[in-house]
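S.K.: Take the sequence shown: its letters are residues 8 to 345, numbered as in the numbering used here. Glycine residues also receive a C-beta, built at the ideal position from the N, C-alpha and C atoms. All figures in this text were calculated on a predicted structure; none of them were measured in a lab.
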Amino acid sequence: MTDRASANAPLRLGFLLFPGFPMACLTSAIEPLRAANEIRGRKEFVWSLVAESPAPVRSSADIGFDPDATLQEIEGLDHLYILSPPTAEFADPRRSPARLRWLDRTGVTLGAFSGGIFPLARAGLMEGRPCSVHWCYEAAFKSDFPGIEAREAAILIEGRRITASGAGAVFDLMLRLIEDRLGRDCMTEVACWFQHPFVRDANASQKVPVARAGGTTDTLPAPIREAIRLFETHVEDPLRIPDVAAAVGLSGRHFERTFKRETGQSPLRYYHHLRLMKARQRVLYSNDSLREIAASVGYMTSSPMIRHYTELFGVSPRDERRLTQSMRRSPVRVEAAE
Numbered sequence: 008m009t010d011r012a013s014a015n016a017p018l019r020l021g022f023l024l025f026p027g028f029p030m031a032c033l034t035s036a037i038e039p040l041r042a043a044n045e046i047r048g049r050k051e052f053v054w055s056l057v058a059e060s061p062a063p064v065r066s067s068a069d070i071g072f073d074p075d076a077t078l079q080e081i082e083g084l085d086h087l088y089i090l091s092p093p094t095a096e097f098a099d100p101r102r103s104p105a106r107l108r109w110l111d112r113t114g115v116t117l118g119a120f121s122g123g124i125f126p127l128a129r130a131g132l133m134e135g136r137p138c139s140v141h142w143c144y145e146a147a148f149k150s151d152f153p154g155i156e157a158r159e160a161a162i163l164i165e166g167r168r169i170t171a172s173g174a175g176a177v178f179d180l181m182l183r184l185i186e187d188r189l190g191r192d193c194m195t196e197v198a199c200w201f202q203h204p205f206v207r208d209a210n211a212s213q214k215v216p217v218a219r220a221g222g223t224t225d226t227l228p229a230p231i232r233e234a235i236r237l238f239e240t241h242v243e244d245p246l247r248i249p250d251v252a253a254a255v256g257l258s259g260r261h262f263e264r265t266f267k268r269e270t271g272q273s274p275l276r277y278y279h280h281l282r283l284m285k286a287r288q289r290v291l292y293s294n295d296s297l298r299e300i301a302a303s304v305g306y307m308t309s310s311p312m313i314r315h316y317t318e319l320f321g322v323s324p325r326d327e328r329r330l331t332q333s334m335r336r337s338p339v340r341v342e343a344a345e
């Protein structure tokens, strides 16, 4: 195996944690690096947990993590990745973004995992750069940051900006860092340690479920994939189903029959549910009014959107937003039995 890094100092990574950060992304980042160190018999990678304050940070699984350093005092990093839910806000909205911008000026590679792209964008560090945004958060992200290009890539590396959509993508990203530093043999051994089934290439798209079908969009026939792409790109200004059929080169009847066979739903019903799923993202992960949300998914007024939303999800958008916000403020903690 080529020893590419034996003479180099360890690669130093920091993980900036916000309350409610996705714990799976953290373990997906650290465990491959730990394994690479064990395989090589030396610390090729070192990492630190970072937070805005010295207090423990509770994860999405309500498990607390003690930071090794605060954002204001951390030094000597090569990479810093933000892990957060999409609703995260800086506790110190003046000093923390300024510190991130200072780290950028000093040459640190900055990135984000899952919802961490939201605070990275709020810090003004994604202007003019495309990024990977998890499909669950896409509608909310586009609402908050209309000037930033959100792509469906699972991993996106743009110079010194690295974004990954979710825990599986983070694992793949770490394997790529291991390969770049230690060679493909070491990367393959790390992947096999964890029985990781494959390593996605740089252009791999996210896996997106097909609503009510139990599959993913990449497994569908090309005309149906294209129809869904058209649906996705015309949420605010809905298309007529016959026009979509013509655009994908199928007769209306053949399109209806094929679409229902592949997805379990008629095109019209699928499109309707898709628009409501986009509305739900903005209900849960943005502060947009219901009127604004309704307009963004093709409704003239909010009343029919609210009615259809309640019918599909079993809860009104107001009640679901209120419940979700309440859960974020009051996380449930599991106490040990005495």
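1) Which residue's Cα is closest to the Cα of P6: D244, I89 and E233?
2) Would F201 be called buried (16 or more neighbouring beta carbons within 10 Å of its own) or exposed?
3) Only counting runs of 4 or more residues, tell me where the alpha helix (DSSP H) segments fall wholly within the region 78-155, in order along the chain.
4) CB-CB under 6 Å to S13, same chain, minus the five flanking residues each way: which ones, in chain order?
5) My assumption, with CB atoms under 8 Å, is that S273 sits in contact with F266. Please give the rounded CB distance.
6) Could you compute how far the alpha carbon of F28 sits from the alpha carbon of E59?
7) Tell whether a beta-carbon distance below 8 Å holds between G21 and L107.
8) Could you spell out the range, first to last residue, of the beta strand (DSSP E) harbouring G21?
9) Any idea which residues DSSP pairs G71 with across the strands?
10) Can you find at least 3 beta carbon pairs, one from the region 107-116 and one from the region 249-256, that sit closer than 8 Å?
11) Please say whether C32 and A198 have beta carbons closer to each other than 8 Å?
12) Evaluate D179 with the Cβ neighbour count: other Cβ atoms within 10 Å of its Cβ, from every protein chain shown; 16 or more gives buried, anything less gives exposed.
13) Determine contact between the region 132-150 and the region 177-193, defined as no fewer than three beta-carbon pairs at a distance below 8 Å.
14) Relative to the alpha-carbon of S303, which residue among G71, V217, E243 and T77 has its alpha-carbon at the smallest distance?
15) Got a sec, what are the start and stop residues for the alpha helix (DSSP H) T170 sits in?
16) Would you mind sorting S67 into buried or exposed? The rule is 16 or more other CB atoms within 10 Å of its CB.
17) Quick one: grab the DSSP three-state call for E59.
18) Within 10 angstroms of the Cβ of T226, are there 16 or more other Cβ atoms? Answer buried if so, exposed if not.
M.R.: According to the structure shown:
1) The displayed coordinates of the chain run from 8 to 345. Any statement about residue 6 would go beyond what the structure contains.
2) Mapped onto the sequence shown, residue 201 falls at position 194. That one is exposed.
3) Within the region 78-155, the complete alpha helix (DSSP H) segments at least 4 residues long are 102-112, 124-129 and 145-151, listed from N- to C-terminus.
4) Counting from one through the sequence shown, the residue named residue 13 turns up at place 6. In this prediction, S13 has a pLDDT of 45, which is less than 50 and means its spatial position is unreliable; what the coordinates show is noted afterwards. Excluding positions up to five away in sequence, the list is empty.
5) Walking along the sequence shown from the start, residue 273 turns up at place 266. Walking along the sequence shown from the start, residue 266 turns up at place 259. About 7 Å separates the two Cβ atoms, so the contact holds.
6) Looking up residue 28 in the sequence shown gives position 21. Looking up residue 59 in the sequence shown gives position 52. Taking the straight line joining both Cα atoms gives about 13 Å.
7) Looking up residue 21 in the sequence shown gives position 14. Looking up residue 107 in the sequence shown gives position 100. No; because the gap between Cβ atoms is not below 8 Å, this pair is not in contact.
8) In the sequence shown, counting from the first residue as 1, residue 21 sits at position 14. L18 to L24 is the extent of the beta strand (DSSP E) around G21.
9) Here the question's residue 71 lines up with position 64 in the sequence shown. The partner list for G71 (beta bridge, DSSP) reads R65.
10) Touching, no.
11) As a position in the sequence shown, residue 198 is number 191, starting the count at 1. As a position in the sequence shown, residue 32 is number 25, starting the count at 1. In this structure, C32 does not lie closer than 8 Å to A198 by Cβ.
12) For the purposes of this step, residue 179 is taken as the residue at position 172 of the sequence shown. Looking at its Cβ environment, which holds 16 or more other Cβ atoms inside 10 Å, D179 is buried.
13) No: fewer than three Cβ pairs fall under 8 Å.
14) Indexing the sequence shown from 1 puts residue 303 at position 296. Shortest Cα-Cα distance from S303 to any of G71, V217, E243 and T77 involves E243.
15) On the sequence shown, position 163 is the one that residue 170 refers to. Per DSSP, T170 belongs to no alpha helix (DSSP H); it is in the beta strand (DSSP E), R168 to A171.
16) Residue 67 sits at position 60 when you count from the first residue of the sequence shown. When all chains shown are included, S67 counts as buried.
17) For this step, residue 59 is matched to residue 52 along the sequence shown. Looking at E59 - three-state DSSP - the assignment turns out to be coil, as it is neither helix nor strand.
18) Sequence index remark: in the sequence shown, residue 226 carries index 219 (1-based). Under this definition T226 is an exposed residue.
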